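Peer 1: Below is one structure. I have some questions about it.
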Amino acid sequence: MPRRYRVPRLWQLNLLWILMVFSVVAWRQGTLFTGGLDLVVVLKALLQGAVLCWAILLWMWSGASQPVGVRSIALLAPVLALSVIGAMAEGNVMASAIIAIRVAMLAATVLFIMRVFPAHQVLLAMCVGLAAVGIISAGTGLALGGGGRLTGGIPPLSPNEIALLSGIPALVLFHQSLRAHVRWWHVGMLVLLSAILLLSESRTALIAAACTAAGMLLMLRRIPLQTIVAALAALPLVFYLAFLTPVLQNLMAREDSASVMTLNSRTISWSVVLNLPNDSWQRWIGAGLSQKTIAVEGQYWDEQVFDSSWISLLAQTGIIGTLLVAFWVLLTVFAALRSSRLRSLLFPLLAFVIIRSVMENGLVDAGALFLIFLVFALMLEPASSRAALDWEHAAPLQRKQPSNPPVAMGS
351 MPRRYRVPRL WQLNLLWILM VFSVVAWRQG TLFTGGLDLV VVLKALLQGA VLCWAILLWM
411 WSGASQPVGV RSIALLAPVL ALSVIGAMAE GNVMASAIIA IRVAMLAATV LFIMRVFPAH
471 QVLLAMCVGL AAVGIISAGT GLALGGGGRL TGGIPPLSPN EIALLSGIPA LVLFHQSLRA
531 HVRWWHVGML VLLSAILLLS ESRTALIAAA CTAAGMLLML RRIPLQTIVA ALAALPLVFY
591 LAFLTPVLQN LMAREDSASV MTLNSRTISW SVVLNLPNDS WQRWIGAGLS QKTIAVEGQY
651 WDEQVFDSSW ISLLAQTGII GTLLVAFWVL LTVFAALRSS RLRSLLFPLL AFVIIRSVME
711 NGLVDAGALF LIFLVFALML EPASSRAALD WEHAAPLQRK QPSNPPVAMG S
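In structure tokens:
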């Protein structure tokens with residue numbers, strides 16, 4: 351007889367993602383994890399562990415078995431192992447091992463969630479989690495004031511983090527809006543998230559978002575009449591923001607343009623990592639995931655953060671680990687190009703992630719960028735993509751979920 355399994359409620363999925371995103375964002379600014387334990391570290395670990403346990407219990411309770419591949423996990427595992435081995439050689443194994451365990455827990459949580467829920471529901475719930483945390487942080491940041499770039503209040507997110515949390519759900523809404531697959535409140539949410547992204551003044555995120563939006567437009571096969579009318583109605587607002595307000599001027603001449611976080615300063619730390627001797631173990635296997643900064647000479651500051659996922663990977667996992675992650679990214683991009691059902695959505699979104707990864711940390715870390723990329727990669731696994739929703743024609747945002755989910759049948 352076919353095996354019966356139960357369908358969990360969507361509110362559980364949304365709450366899982368809100369808690370998971372909250373567990374990986376910064377709870378305080380200006381500090382890097384060095385392996386010590388304090389209240390914040392313990393609370394975040396407990397929250398992340400609780401989310402993982404909840405995902406496992408949902409999987410056991412439902413008995414569901416959505417198709418999910420393991421290619422991404424198989425490529426991630428040796429990268430984490432390399433980081434721990436490198437940290438042991440560096441003598442900083444505790445901090446790197448804890449981060450590697452957290453990354454593994456996040457990967458396991460996402461994997462269990464995707465075994466229970468269809469992939470399109472997981473993606474939409476992830477957007478709910480990102481948007482909820484981003485809006486709360488941005489809203490409390492505006493309430494607390496401070497001027498300048500939009501900085502989070504509770505949690506105290508940086509402008510770049512806020513840009514990431516608002517950018518991904520805004521782009522998913524933009525993709526569906528182009529096809530007139532949204533309701534009026536989705537358009538309102540798109541405007542709100544776009545405003546938060548603009549106020550963050552994150553140049554990398556805005557450039558990546560512009561490239562992603564352009565890619566979505568180019569991949570649009572047919573423009574609905576509603577989309578044309580909405581675009582014409584929005585033109586005066588775009589013209590006003592671009593030419594009659596100082597938004598673009600503030601973006602190009604930010605107050606921190608001369609700080610150690612600018613591109614010229616970042617390349618100083620990049621050159622140090624790129625010039626590590628070839629006969630050193632750090633060149634090949636790295637120094638662990640806790641390696642966030644590197645000492646620099648000839649400057650008025652002593653150390654510099656990497657501010658690039660790829661330079662970070664070179665320092666943390668060496669050439670071997672970086673090549674594994676690059677191979678993982680390339681496989682995911684090629685899978686997005688091959689998938690007729692997911693291409694129009696995930697290929698542009700991957701461009702956003704990759705562009706951001708060049709100038710920001712977090713592609714393989716216990717953070718939101720890693721969660722986003724992992725979900726995309728798992729959706730594009732061969733087993734997952736064959737059963738994927740057709741995002742070109744389907745309208746998942748307009749689908750009504752039954753108030754009492756039926757008992758489903760599985761083989």
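Throughout the sequence shown, residue numbering follows my numbering, covering 351 to 761 in sequence. Backbone N, C-alpha and C define an ideal beta-carbon position, used for all residues, glycine too. Here the structure is a predicted model, which is why all the values come from computation and not from measurement.
Using a threshold of 8 Å, state whether the C-beta atoms of SER658 and GLY385 are closer than that.
Peer 2: By one-based count along the sequence shown, residue 658 stands at place 308. By one-based count along the sequence shown, residue 385 stands at place 35. Cβ atoms of SER658 and GLY385: not closer than 8 Å.
Peer 1: From which residue to which residue does the beta strand (DSSP E) around VAL655 run?
Peer 2: Residue 655 sits at position 305 when you count from the first residue of the sequence shown. That run of the beta strand (DSSP E) goes 653-655.
Peer 1: Which residues does DSSP list as the beta-bridge partners of THR643?
Peer 2: Position 293 of the sequence shown, counted from the first residue, corresponds to residue 643. THR643 pairs with VAL655.
Peer 1: Which of helix, strand or coil does DSSP assign to PHE720?
Peer 2: Counting from one through the sequence shown, the residue named residue 720 turns up at place 370. Reduced to three states, the DSSP call for PHE720 is helix.
Peer 1: Verify whether the separation of the beta carbon atoms of GLY636 and LEU382 is less than 8 Å.
Peer 2: Taking the first residue of the sequence shown as 1, we reach residue 636 at position 286. Taking the first residue of the sequence shown as 1, we reach residue 382 at position 32. Result no, Cβ atoms of GLY636 and LEU382 do not sit closer than 8 Å.
Peer 1: At the level of alpha carbons, what is the spacing between ASN711 and ALA475?
Peer 2: Taking the sequence shown and counting its residues from 1, one reaches residue 711 at position 361. Taking the sequence shown and counting its residues from 1, one reaches residue 475 at position 125. Each residue's alpha carbon lies about 24 Å from the other.
Peer 1: Considering just the uninterrupted stretch of the alpha helix (DSSP H) at PHE763, what are its terminal residues?
Peer 2: Coverage of the chain is limited to positions 351 through 761, which leaves residue 763 absent and any answer about it impossible.
Peer 1: For VAL418, does the count of other Cβ atoms within 10 angstroms reach 16, so buried, or fall short, so exposed?
Peer 2: On the sequence shown, position 68 is the one that residue 418 refers to. Result: buried.
Peer 1: Do ARG356 and SER415 have their beta-carbon atoms positioned less than 8 Å apart in this structure?
Peer 2: Looking up residue 415 in the sequence shown gives position 65. Looking up residue 356 in the sequence shown gives position 6. The answer is no: Cβ separation not under 8 Å.
Peer 1: Among residues of its own chain, excluding the 5 on either side of GLY517, which ones have a beta-carbon nearer than 6 Å to its beta-carbon?
Peer 2: In the sequence shown, residue 517 corresponds to position 167, counting from 1. LEU547, ALA555 and ALA559, listed in sequence order.
Peer 1: I'd like the span of the alpha helix (DSSP H) that includes GLU779, first residue to last.
Peer 2: The chain is shown from 351 up to 761; residue 779 falls before or after that span and cannot be answered.
Peer 1: Where does PHE524 fall in DSSP's three states?
Peer 2: Along the sequence shown, read from residue 1 onward, the residue named residue 524 stands at position 174. Helix, per DSSP.
Peer 1: How should CYS477 be labelled, buried or exposed, when 16 other C-beta atoms within 10 angstroms of its C-beta is the threshold for buried?
Peer 2: To locate residue 477, count along the sequence shown from 1; it is residue 127. So CYS477 counts as buried.
Peer 1: With distances taken between CB atoms, is the gap from ALA737 to SER422 smaller than 8 Å?
Peer 2: On the sequence shown, position 387 is the one that residue 737 refers to. On the sequence shown, position 72 is the one that residue 422 refers to. No; because the gap between Cβ atoms is not below 8 Å, this pair is not in contact.
Peer 1: Does ILE669 come within less than 8 Å of chain B when only Cβ atoms are used?
Peer 2: Here there is only one protein chain, and chain B is not present.
Peer 1: Whole angstroms is fine: what's the gap from MET438's alpha carbon to LEU567's?
Peer 2: By 1-based counting over the sequence shown, the position of residue 438 is 88. By 1-based counting over the sequence shown, the position of residue 567 is 217. Distance between the alpha carbons of MET438 and LEU567: 48 Å.
Peer 1: With 16 other CB atoms within 10 Å as the buried threshold, where does LEU363 fall?
Peer 2: Counting from 1 along the sequence shown, the entry for residue 363 is found at position 13. Buried is the call here.
Peer 1: Buried or exposed for PRO752, going by 16 or more other Cβ atoms inside 10 Å?
Peer 2: As a working note, residue 752 is residue 402 in the sequence shown. Interpretation of PRO752 is limited by its pLDDT of 42, a score under 50 that renders its predicted location unreliable; the figure taken from the coordinates is listed afterwards. Under this definition PRO752 is an exposed residue.
Peer 1: If you draw a straight line from the C-alpha of LEU680 to the C-alpha of LEU494, how long is it?
Peer 2: On the sequence shown, residue 680 is found 330 positions in, with the first residue counted as 1. On the sequence shown, residue 494 is found 144 positions in, with the first residue counted as 1. The straight-line gap from Cα to Cα measures roughly 42 Å.
Peer 1: What are the boundary residues of the alpha helix (DSSP H) that THR554 is part of?
Peer 2: For this step, residue 554 is matched to residue 204 along the sequence shown. Start and end: 553-568.
Peer 1: Please work out which residues of its chain come closer than 8 Å, Cβ to Cβ, to VAL375, disregarding the five sequence neighbours upstream and downstream, and give them in chain order.
Peer 2: If you number the sequence shown from 1, residue 375 lands on position 25. Here the set comprises VAL483, SER487, PRO505, LEU507, GLU511, LEU515, GLY717 and ALA718.
Peer 1: Tell me whether GLU742 sits in a helix, a strand or coil according to DSSP, three-state version.
Peer 2: Looking up residue 742 in the sequence shown gives position 392. Coil.
Peer 1: Can you list, in chain order, the residues of its chain whose CB lies under 8 Å from that of ARG533, leaving out five sequence neighbours each side?
Peer 2: The residue labelled residue 533 in the question sits at position 183 within the sequence shown. The answer, listed in chain order, is LEU747 and GLN748.
Peer 1: Assuming contact is defined by CB atoms lying nearer than 8 Å, are ILE644 and VAL623 in contact in what I supplied?
Peer 2: Here residue 644 corresponds to residue number 294 of the sequence shown, with the count starting at 1. Here residue 623 corresponds to residue number 273 of the sequence shown, with the count starting at 1. Yes, the Cβ-Cβ distance between ILE644 and VAL623 is below 8 Å.
Peer 1: Is the Cβ-Cβ distance between ALA405 and ILE463 less than 8 Å?
Peer 2: Translated into the one-based positions of the sequence shown, residue 405 becomes position 55. Translated into the one-based positions of the sequence shown, residue 463 becomes position 113. In this structure, ILE463 lies closer than 8 Å to ALA405 by Cβ.
Peer 1: Judging by CA-CA distance, which residue of SER630, LEU699, ILE705 and ARG616 is the nearest neighbour of LYS642?
Peer 2: Residue 642 sits at position 292 when you count from the first residue of the sequence shown. Of the candidates SER630, LEU699, ILE705 and ARG616, the one whose C-alpha sits nearest the C-alpha of LYS642 is ARG616.
Peer 1: Would you please state the rounded distance, in angstroms, between the beta carbons of THR459 and VAL401? I believe it to be under 8 Å.
Peer 2: The residue you call residue 459 lines up with position 109 of the sequence shown. The residue you call residue 401 lines up with position 51 of the sequence shown. With a Cβ gap of about 6 Å, THR459 and VAL401 count as contacting.
Peer 1: Mapping DSSP to helix, strand and coil, what is PRO732?
Peer 2: The residue labelled residue 732 in the question sits at position 382 within the sequence shown. Helix, per DSSP.
Peer 1: Could you give the DSSP three-state label for ASN625: helix, strand or coil?
Peer 2: Residue numbering aside, residue 625 sits at position 275 when the sequence shown is read from its first letter. It is coil, neither helix nor strand.
Peer 1: Rounded to whole angstroms, what's the CA-CA distance from PHE372 to ALA395? Just pull it up for me.
Peer 2: Here the question's residue 372 lines up with position 22 in the sequence shown. Here the question's residue 395 lines up with position 45 in the sequence shown. Distance between the alpha carbons of PHE372 and ALA395 is about 11 Å.
Peer 1: Give a yes or no on whether the C-beta atoms belonging to SER764 and GLY671 are separated by under 8 Å.
Peer 2: Shown here, the chain extends from 351 to 761; a query on residue 764 therefore has no answer.
Peer 1: Identify whether ARG693 lies in helix, strand or coil by the three-state DSSP scheme.
Peer 2: Here the question's residue 693 lines up with position 343 in the sequence shown. In this structure, ARG693 counts as helix in the three-state DSSP scheme.
Peer 1: How long is the line joining the alpha carbons of ILE669 and VAL434, rounded to whole angstroms?
Peer 2: Position 319 of the sequence shown holds residue 669. Position 84 of the sequence shown holds residue 434. Answer to the nearest angstrom: the Cα atoms are 15 Å apart.
Peer 1: Starting from THR384 and walking both ways along the alpha helix (DSSP H), at which residues does that stretch end?
Peer 2: Counting from one through the sequence shown, the residue named residue 384 turns up at place 34. That residue, THR384, is in no alpha helix (DSSP H); it is neither H nor E in DSSP.
Peer 1: Which residue wins for smallest C-alpha separation from ASN628, given the options ALA665, PHE702 and GLN526?
Peer 2: As a working note, residue 628 is residue 278 in the sequence shown. Closest option to ASN628, Cα to Cα, is ALA665.
Peer 1: Please look up how many angstroms separate the CB atoms of VAL702 and LEU480, rounded, as I've assumed it's under 8 Å.
Peer 2: Numbered from its first residue, the sequence shown carries residue 702 at position 352. Numbered from its first residue, the sequence shown carries residue 480 at position 130. The sequence shown places Phe at residue 702, rather than the Val named in the question. No, PHE702 and LEU480 are not in contact; Cβ-Cβ is about 12 Å, not under 8 Å.
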